[in-house]
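Heads up: the protein sequence lines correspond to chains A and B, in order.
Residue numbers for the first sequence follow the numbering used here, beginning at 1 and rising by one.
Residue numbers for the second sequence follow the numbering used here, beginning at 256 and rising by one.
Note that beta-carbon positions come from the ideal geometry of N, C-alpha and C, so glycine has one too.
Treat the numbers as computed from the prediction; the structure is a model and nothing was measured.
Single-structure report; data block below.
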Amino acid sequence: MSFLEALSVSKVFGGIAALDHVDLSIQEGEILGLIGPNGAGKTTLFNVLTGLYKPDKGEILFCGERIDSLAPHEIASLGIARTFQNIRLFPNMTAMENVMVARHCRTRSEFLPTIFVTAAFLREEQEIQKSARELLARVGLLDRGNALAKNLPYGDQRKLEIARAMALEPKLLLLDEPTAGMNAAESEDLMRLVGKIQERGVSILLIEHQMRVVMNLCHRVAVLDYGAKIADAAPAEVQKNPAVIEAYLGSSAHA
Amino acid sequence: MSKTVRRSAWAGGLALLLAVPCFLQSTSFAFLIRLAGIAGLYMLLALGLNLVIGFVGLLDLGFMAFYAIGAYTAALLAIHKVPFALSVLAAIGASTLIRLIVGFPALRLRGDYLAIVTLGFGEVVRLTLSNWDSLTNGPKGLPRVGETIPSASLMGITLSSNLHYYYVILASVLGAIWVCTRLNHSRVGRAWVAIREDEVAAELMGVEVTKQKMLAFGLSAAFAGLAGAIFAYWEGFVTPESFTFWESVLLVCAVVLGGMGSILGVLLGALCIVLAPEVLRSALGSSFANARYLLFGLSLILMAIYRPQGLWPSRRRTLELRPAEAEEPPQDTLFDAGRK
Numbered sequence: 001m002s003f004l005e006a007l008s009v010s011k012v013f014g015g016i017a018a019l020d021h022v023d024l025s026i027q028e029g030e031i032l033g034l035i036g037p038n039g040a041g042k043t044t045l046f047n048v049l050t051g052l053y054k055p056d057k058g059e060i061l062f063c064g065e066r067i068d069s070l071a072p073h074e075i076a077s078l079g080i081a082r083t084f085q086n087i088r089l090f091p092n093m094t095a096m097e098n099v100m101v102a103r104h105c106r107t108r109s110e111f112l113p114t115i116f117v118t119a120a121f122l123r124e125e126q127e128i129q130k131s132a133r134e135l136l137a138r139v140g141l142l143d144r145g146n147a148l149a150k151n152l153p154y155g156d157q158r159k160l161e162i163a164r165a166m167a168l169e170p171k172l173l174l175l176d177e178p179t180a181g182m183n184a185a186e187s188e189d190l191m192r193l194v195g196k197i198q199e200r201g202v203s204i205l206l207i208e209h210q211m212r213v214v215m216n217l218c219h220r221v222a223v224l225d226y227g228a229k230i231a232d233a234a235p236a237e238v239q240k241n242p243a244v245i246e247a248y249l250g251s252s253a254h255a
Numbered sequence: 256m257s258k259t260v261r262r263s264a265w266a267g268g269l270a271l272l273l274a275v276p277c278f279l280q281s282t283s284f285a286f287l288i289r290l291a292g293i294a295g296l297y298m299l300l301a302l303g304l305n306l307v308i309g310f311v312g313l314l315d316l317g318f319m320a321f322y323a324i325g326a327y328t329a330a331l332l333a334i335h336k337v338p339f340a341l342s343v344l345a346a347i348g349a350s351t352l353i354r355l356i357v358g359f360p361a362l363r364l365r366g367d368y369l370a371i372v373t374l375g376f377g378e379v380v381r382l383t384l385s386n387w388d389s390l391t392n393g394p395k396g397l398p399r400v401g402e403t404i405p406s407a408s409l410m411g412i413t414l415s416s417n418l419h420y421y422y423v424i425l426a427s428v429l430g431a432i433w434v435c436t437r438l439n440h441s442r443v444g445r446a447w448v449a450i451r452e453d454e455v456a457a458e459l460m461g462v463e464v465t466k467q468k469m470l471a472f473g474l475s476a477a478f479a480g481l482a483g484a485i486f487a488y489w490e491g492f493v494t495p496e497s498f499t500f501w502e503s504v505l506l507v508c509a510v511v512l513g514g515m516g517s518i519l520g521v522l523l524g525a526l527c528i529v530l531a532p533e534v535l536r537s538a539l540g541s542s543f544a545n546a547r548y549l550l551f552g553l554s555l556i557l558m559a560i561y562r563p564q565g566l567w568p569s570r571r572r573t574l575e576l577r578p579a580e581a582e583e584p585p586q587d588t589l590f591d592a593g594r595k
């Protein structure tokens, strides 16, 4: 059985189908690429999977459980984390704190232990800091840990977003154009990072425009066009698929 | 500044706050004790409001409503001879409960819309207090003729002078500062600031946004309820006139002026709004006491232009980045290139 399964998911905005009966399944440990022209519904699918939008039709199953009626934070605590196309860090918090916030649903200290400074609270706070340090070290940002997120250079902000998402201990990581605006060396770095995350047993759904990244990294590629899935196969096959070529380049009759 | 220096600064400041009023009491500066008490009440209110505006980032323009609910609850109970401690607790409970009932639907709104709802609720409370004659005696206030609010007594001591109330208020403010400081750098406080910074991202990173907003909302009202109850006993008299929209606006001023999210900042801001009319009165004559609204308007404009972060801006805490001795450094970094 699939790890994450979207069954015939539709989402309509003002009469326009942003997602049109999309079926998508992700196997455990897989890197699935999601490509498609601008406005094809890729980010909408992310928003539906993470609970930000409720699907109008269809079901979403994660580890065999219906998640399409859950609140976003409940889905996050089940183990789906994401990054954003246009970076959404907490700008006036430090890099450390950005990562620490994402430990929220993996920790428990509530109001009373906090104000009475119980031993359990102090222990948990140490744990939060320790895991935040580890994650920052993993993405090479430990020395910038006390810098405000908004003051980090663009590439570091992207890395910090991934570190923050990883702090949730996700089983599935959704990356929305992680290499957008990066140069070749930086994308190279990022691909290596994604590969290493996958080696740790995290499944990855990746929206990406750079074909080089998609072809090298993904085990399988799904293609969306006008909200409908038009292909779902190994990268090499997708590359040759006439429907995909038409979606990207237009049909030969017009060319 | 090292930890010892900071600790001794705190201890010294506290000793001054405890000792100085004792000596002032018999001098011609005794009025300062009362002024400090009033400043303390405003500090409690500003600290409470700061939880909502400064931490969670929700604009609240009707905060005085919960001060009023606290004050009237305490006054009504006091008239019926309920002991001080009990009626203070009841006042805190009533403010918090009503805040949560209002907050539950209102917190679905964001930004300006929430501000309008809070403003509206503030007016509803004031108008209710002015018109519910059978309970609140309307604009004439409580207690009615023939009733009194008895002197409060706490642990066998009857609170009879301004000095007594000064100490009660000092203890409350210190307690409030403690709560705010503990929260500021904790799991809960970080979640609140994350909501302020980006509500959607916070929710997607696993923060139960609605629950956390309710917690902040309720706690802020508890501060206001406490302040209101102390006010009611101290004055021995409450009228709806004390809880106008302008008072709520002044509190927002205190928070913005001092520095949103900054605990020392809002204490400073509260001090400013209490001292300003006194300073104006002595500098320009009594007809200028109300010029404070003009002054605050002007200072807010100037602050917005030249110092939007406030007089004493909040700073995020610097954390230890070197791993502790026992911690093993991560075996493999996920990025090896680029950062050497």
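Output needed for residue i: all residues of its chain with C-beta closer than 8 Å, excluding positions within five of it in sequence on either side, in chain order.
i	result
Arg594(B)	Residue placement at Arg594(B) is flagged as unreliable, the pLDDT there being 39, under the threshold of 50; the coordinate-derived value follows with that caveat. Same-chain partners within the cutoff: there are none.
Pro91(A)	Leu148, Ala149, Lys150
His21(A)	Ser8, Val9, Ser10, Lys57, Gly58, Ala228
Phe121(A)	Ser109, Pro113, Thr114
Phe359(B)	Met469
Name the residue from the options whose alpha carbon lies nearest to the alpha carbon of residue i.
i	options	result
Ala210(B)	Ser537(B), Ser283(B), Ala291(B), Leu397(B)	Residue 210(B) cannot be examined here, being either before or after the span of chain B that is shown, 256 to 595.
Ala40(A)	Ile16(A), Gly58(A), Glu28(A)	Ile16(A)
Val428(B)	Leu273(B), Thr259(B), Ser257(B)	Leu273(B)
Ala330(B)	Asn305(B), Ser497(B), Thr403(B), Met558(B)	Thr403(B)
Leu553(B)	Phe376(B), Arg437(B), Leu519(B), Leu512(B)	Leu512(B)
Glu378(B)	Thr499(B), Lys258(B), Pro568(B)	Thr499(B)
Tyr154(A)	Ile35(A), Asn183(A), Ile80(A)	Asn183(A)
Glu110(A)	Phe278(B), Ser283(B), Gly444(B)	Gly444(B)
Leu384(B)	Gly375(B), Phe376(B), Pro394(B)	Pro394(B)
Gly483(B)	Ala264(B), Ala333(B), Val434(B), Val372(B)	Ala333(B)
Leu89(A)	Leu382(B), Ala370(B), Glu454(B)	Glu454(B)
Leu576(B)	Arg133(A), Leu224(A), Glu65(A)	Arg133(A)
Met93(A)	Lys196(A), Val213(A), Arg144(A)	Arg144(A)
What I want to know is whether the C-beta of residue i ends up closer than 6 Å to one or more non-hydrogen atoms of the ligand ATP.
i	result
Ile485(B)	In the structure shown, the ligand ATP is absent, as is every other ligand, since no ligand is present at all.
Which residue marks the beginning of the beta strand (DSSP E) containing residue i, and which one marks its end?
i	result
Ile207(A)	203 to 207
Phe116(A)	Where Phe116(A) is concerned, there is no enclosing beta strand (DSSP E), given that its DSSP letter is neither H nor E.
Val223(A)	220 to 225
Ser389(B)	Not the beta strand (DSSP E): Ser389(B) falls in the alpha helix (DSSP H), residues 388 to 391.
Ile26(A)	16 to 26
Glu59(A)	57 to 62
Cys189(A)	Position check: residue 189(A) holds Asp in this sequence, whereas Cys was assumed. Per DSSP, Asp189(A) belongs to no beta strand (DSSP E); it is in the alpha helix (DSSP H), 184 to 199.
Identify the continuous alpha helix (DSSP H) that holds residue i and give its terminal residues.
i	result
Lys336(B)	Unbroken run through Lys336(B): none, as it is neither H nor E.
Ala120(A)	119 to 138
His73(A)	72 to 78
Lys159(A)	154 to 166
Ile556(B)	547 to 561
Leu217(A)	211 to 217
Ile288(B)	286 to 305
Mind checking residue i: buried by the 16 CB within 10 Å criterion, or exposed?
i	result
Ala538(B)	exposed
Lys466(B)	exposed
Lys159(A)	buried
Val117(A)	exposed
His335(B)	exposed
Ile485(B)	buried
Gln157(A)	buried
Tyr421(B)	buried
Tell me the DSSP secondary structure of residue i in three-state form.
i	result
Ser8(A)	strand
Ser416(B)	coil
Gly33(A)	strand
Ser427(B)	helix
His440(B)	coil
Val238(A)	helix
Lys466(B)	helix
Leu382(B)	helix
Ser517(B)	coil
Thr44(A)	helix
Thr94(A)	strand
Lys171(A)	coil
Ile404(B)	coil
Ala340(B)	helix
Ala255(A)	Because Ala255(A) carries a pLDDT of 42, less than 50, the predicted location of this residue cannot be relied on, and the following value inherits that uncertainty. Three-state DSSP puts Ala255(A) in coil, outside helix and strand.
Phe590(B)	Residue placement at Phe590(B) is flagged as unreliable, the pLDDT there being 48, under the threshold of 50; the coordinate-derived value follows with that caveat. Coil at Phe590(B), not helix or strand.
Spatial neighbours of residue i within its chain, please: C-beta separation below 6 Å, excluding the five flanking residues on both sides.
i	result
Arg399(B)	Asn392
Ile347(B)	Ala477, Gly480, Leu481
Leu174(A)	Phe46, Arg82, Leu205
Suppose the cutoff is 7 Å on Cβ atoms and the five residues either side in sequence are ignored; what does the same chain contact list for residue i look like?
i	result
Asp176(A)	Thr43, Phe46, Arg82, Thr83, Phe84, Gln85, Ile207
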